[in-house]
Structure formats: structure tokens, C-alpha cells
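Student: Pasting a structure below so you can have a look.
In this note's numbering, the protein residues as written are 103 to 241.
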């Protein structure tokens, strides 16, 4: 940071540091932030399953994009106003680690959010090996 620069609450490089270690600590209900070229997007961690070949991450995606981390954090003061663009995706651990994420906030899951994961489990569906950015249609 140069002289005269105003420090911000979050520095992206610090927020995304040590992600491999942090991903082990993510919990159901966490709102996760990820960076794309010109901004940030939000995901919601619905559940993590342990499978024979690794973890399966259950995520919900949102349509809103934010110019900075502070804006995303402010939106999470009222998470019910976010627009769900992808109600559920189950992805492999390899696919999850392809997109750097960091936890912003934890909010208890609603019964509807938990039910989506339960329905997927009942179907016995396979997890996708595509990154969440590709699933969301982002590059």
C-alpha cells in the first residue's frame, strides 16, 4: 500500500491467503466470496459430504456481482434479498478448489436449503467435476 492510500477493512490478497487450509474449516451455512475478472460473486455452502473419492461440496449461487468485498459484505446484512441463480450444485473437491473462495459470514440454513441437498442425496446423483464458475456461466 503506497503512502496516502486509505487502508480498507479487507485486502483481497489477505482474504484469499491459505485457501487450501481454510476450505477444511468451511461449514454449512457459510457465505463464500469468489473473485472474477471485474468483481466478486457469492456462494452459499449448503453441505459438505465425504465420499469414497473425496469431498462433495453442495453450493448455491447468486446472481449479484459486487465491485468490492465491502459491497458483498454489506449485501449479506440482508441475505434474503439476494437473487438465487443456481439453487444447488454438487461438485467434487477438485472442482471446488479450482475457484478460490473465502468465508464472509455464516447464517443458519433454512429448511428449504437443507431439503435441496437431501433430495440430491436421495436421487444418488453424481457430483460434477466442473468448476463453480463454469456451472454459473462465468469465465
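We put the beta carbon where it would ideally sit given N, CA and C, even for glycine. Keep in mind the model is a prediction, meaning the values are calculated, not measured.
Does the distance from the CB of residue 234 to the CB of residue 174 come in under 8 Å?
Tutor: no
Student: Hey, which unbroken runs of the beta strand (DSSP E) at 3 residues or more fall wholly within the stretch 131-171?
Tutor: 132-138, 141-153, 156-168
Student: So, using beta-carbon positions, are residue 203 and residue 156 closer together than 8 Å?
Tutor: no
Student: Helix, strand or coil for residue 233 per DSSP?
Tutor: coil
Student: Is it true that the CB of residue 166 sits closer than 8 Å to the CB of residue 185?
Tutor: yes
Student: Would residue 132 and residue 205 be called neighbours here (beta carbons separated by less than 8 Å)?
Tutor: yes
Student: With burial defined as no fewer than 16 other Cβ atoms inside 10 Å of the residue's Cβ, what is the status of residue 192: buried or exposed?
Tutor: buried
Student: Can you grab the Cα-Cα spacing for the pair residue 148 / residue 210, in whole Å?
Tutor: 10 Å
Student: Using DSSP with H/G/I as helix, E/B as strand and the rest coil, what is residue 186?
Tutor: Secondary structure of residue 186 (DSSP, three-state): strand.
Student: Please state the DSSP three-state secondary structure of residue 192.
Tutor: strand
Student: Under the DSSP definition of a beta bridge, which residues are partnered with residue 205?
Tutor: 134
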